[in-house]
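Engineer: Just dropping this structure here.
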Amino acid sequence: MSIPNLILTYVVVLLAALILVALYSEFRTRRFAPAESEDRIFRCEKCGYVYTDDPDVDRSRCSQCGQTNDAIEF
Ligand SMILES: [Zn+2]
4 MSIPNLILTY VVVLLAALIL VALYSEFRTR RFAPAESEDR IFRCEKCGYV
54 YTDDPDVDRS RCSQCGQTND AIEF
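Just so we're aligned: 77 in my numbering is position 74 of the sequence shown, and the numbers increase by one with no gaps anywhere.
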């Protein structure tokens, strides 16, 4: 194998490794992004205030007017 071929092989392997790392980090970001927003979203029936609460809470009290609201399901 000649020197230019060795350099070309090295560059191709390096680029392939970089692409793999980029794809891997992109995959990780997509996997972990939804986990951060597991909180339930509530919209107050009385005053329209939109807020979030823990995922294990079925009904949450509005911090603006005290009305108890059901979680919004998507
Ligand atoms: Zn309210």
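We put the CB at the ideal spot given by N, CA and C, even for glycine.
Which residues mark the beginning and the end of the beta strand (DSSP E) in which residue 73 is found?
Structural biologist: Note, residue 73: beta strand (DSSP E), 71-73.
Engineer: Taking the straight line between their C-alpha atoms, what separation do you get for residue 48 and residue 60?
Structural biologist: Approximately 17 Å, taken between the alpha carbons.
Engineer: Candidates 58, 74, 54, 9: which alpha carbon is nearest residue 68's?
Structural biologist: Closest option to residue 68, Cα to Cα, is 54.
Engineer: What residues in its chain sit with their C-beta under 6 Å from that of residue 71, if we drop five residues either side in the sequence?
Structural biologist: Contacts found: 62, 64.
Engineer: I'd like to confirm something about residue 54: is its beta-carbon nearer than 6 Å to some heavy atom of ligand 1, or not?
Structural biologist: Because no heavy atom of ligand 1 lies under 6 Å away, the Cβ of residue 54 does not count as near it: no.
Engineer: How many Å lie between residue 32 and residue 25 at the Cα?
Structural biologist: The straight-line gap from Cα to Cα measures roughly 11 Å.
Engineer: State the Cα-Cα distance for the pair residue 43 and residue 50, rounded to the nearest angstrom.
Structural biologist: If you take the alpha carbons of residue 43 and residue 50, they lie about 18 Å apart.
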